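**Q**
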Amino acid sequence: DTFDPVTGLPDRTGLQEAFSRAVTFYDLTTDPLCVALIDLDNFTVVNDLYGPATGDDVLQKTADLIRASLRDLDLLGRWERDTFCALLPETTPQEAARLLDRALQAVRNEPFYASNDRTFHVSFSAAITTVHDTERSLEETLREARRLLTSARQSGPGQIVTEDYSSRPARPSILLIEDDEDIAAIIQFRLQRDGYDVTHCNDGQKGIDFARQNTVSLIILDVKMPGLDGFEVLDRLRKMPAHARTPVIMLTSMGREDDVVRGFELGADDYVLKPFSPVELSARVRRLLHRHGHRAAVSAHAHEARA
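Adding 439 to a residue's 1-based position in the sequence shown gives its number in my numbering.
#1: With a CB to CB cut of under 7 Å and the five nearest residues on each side skipped, what residues in its chain are close to Ala453?
#2: Can you tell me where the beta strand (DSSP E) with Asp478 in it begins and where it stops?
#3: Tell me the DSSP bridge mates of Leu514?
#4: At the level of alpha carbons, what is the spacing between Leu527 and Ile567?
#5: Can you tell me the Cα-Cα spacing of Ala741 and Glu456, whole angstroms?
#6: Residues in its own chain within less than 6 Å of Ala545 by CB, not counting five upstream and five downstream?
#7: Distance, Cα to Cα, Arg684 vs Asp674?
#8: Taking the straight line between their C-alpha atoms, what separation do you get for Arg460 and Thr601?
#9: Alpha carbon to alpha carbon, what distance is there between Ser554 and Leu514?
#10: In the DSSP assignment, find the alpha helix (DSSP H) that holds Phe715 and state where it starts and stops.
#11: The alpha helix (DSSP H) spanning Asp642 covers which residue range?
#12: Just verifying my parser: in three-state terms, what is the DSSP assignment at Ala707?
#13: Whose C-beta lies closer than 7 Å to the C-beta of Leu543 among residues of the same chain, with five residues either side of it excluded?
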């Protein structure tokens, strides 16, 4: 087998050779062979923010964490730049998903360090397919996995999907960081009614802590909060690879134009001025999610919520 110099894993050629041996060795009618395509989420952002040396460190450590979560009979290799491939013999898709979910939690919980000592976290998404045809190449198998993964990623990063994954995306998830409990309750009620999953954090630090461990489709962020204000939270969010491009709507008081300018400079996508209509806020959320590729999920769940 041939190996990748960064991760020490089998490279594309090594994976192809191992796949050929596996489909010859196993009776695919009785011993299911699963293949998983594993993509690091937002890896380009990691390289852009922290440089290629840190990017290589992320690849190497992520490879170690995934490998440690698999079994001795499984094989993990590096397929291309930020993509791994796992061969999982004698494994059903459901068992494979459990293994990869364990790996995902390990990767999410691992702190990575940039050259400036800044800490950040990463995640991955994976698609699992089952090999039934000994004539099918690894490239063809991974093309099918890529199709599944592209569809699943409409719901954001950190997805693990199998072939029985519904073509209907999961509910879009929203992180609401707002210290006013009454305003937060109104927003949650409206957005949940419109088909969104909403997580509420009542101060900036709690929002940051949640964002380090989770990915979401969109963030709603109040500007004026005790402790970390909205600008500090936004600045930290944009330095996290998982949230460098997550759409953010900021809430600010009427007449504070300087807030609007500063928020846009820090990377906010939209502003809503208080007092606001919950219906208007929901419409802004829907438009932003459409713009960021969540159209199918938003439409399906908004229709379901109103049915």
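For every residue, glycine included, the Cβ atom is placed at its ideal position computed from N, Cα and C. Since the model is a prediction, treat every value here as computed from it, not as a measurement.
**A** The relevant details are as follows:
#1: Indexing the sequence shown from 1 puts residue 453 at position 14. This sequence places Gly at residue 453; Ala is not what is there. Asp440, Thr441, Phe442, Gly516, listed in sequence order.
#2: Position 39 of the sequence shown, counted from the first residue, corresponds to residue 478. Element bounds for Asp478: 472-479.
#3: Position 75 of the sequence shown, counted from the start, is the residue given in the question as residue 514. DSSP output for Leu514 lists Leu526 as bridge partner(s).
#4: The residue given as residue 527 occupies position 88 in the sequence shown. The residue given as residue 567 occupies position 128 in the sequence shown. Taking the straight line joining both Cα atoms gives about 10 Å.
#5: Start at 1 with the first residue of the sequence shown, and residue 741 comes out as number 302. Start at 1 with the first residue of the sequence shown, and residue 456 comes out as number 17. Confidence at Ala741 is low in this model, with a pLDDT of 47, below 50, so the placement of that residue should be treated as unreliable; the coordinate-derived value is given next. When rounded, the distance between both Cα atoms is 47 Å.
#6: Indexing the sequence shown from 1 puts residue 545 at position 106. The answer, listed in chain order, is Leu504, Ser508.
#7: As a position in the sequence shown, residue 684 is number 245, starting the count at 1. As a position in the sequence shown, residue 674 is number 235, starting the count at 1. Their backbone Cα atoms lie some 12 Å apart in a straight line.
#8: Stepping through the sequence shown from its first residue, residue 460 is reached at position 21. Stepping through the sequence shown from its first residue, residue 601 is reached at position 162. If you take the alpha carbons of Arg460 and Thr601, they lie about 23 Å apart.
#9: Along the sequence shown, read from residue 1 onward, the residue named residue 514 stands at position 75. Along the sequence shown, read from residue 1 onward, the residue named residue 554 stands at position 115. When rounded, the distance between both Cα atoms is 32 Å.
#10: Within the sequence shown, the letter at position 276 stands for residue 715. Premise fails: Phe715 is in no alpha helix (DSSP H) and is neither H nor E.
#11: Here residue 642 refers to the residue found at position 203 of the sequence shown. Where Asp642 is concerned, there is no enclosing alpha helix (DSSP H), given that its DSSP letter is neither H nor E.
#12: If you number the sequence shown from 1, residue 707 lands on position 268. Three-state DSSP puts Ala707 in coil, outside helix and strand.
#13: Walking along the sequence shown from the start, residue 543 turns up at place 104. Cβ neighbours of Leu543 beyond the five flanking positions: Ser562, Phe563, Gly597, Ile599.
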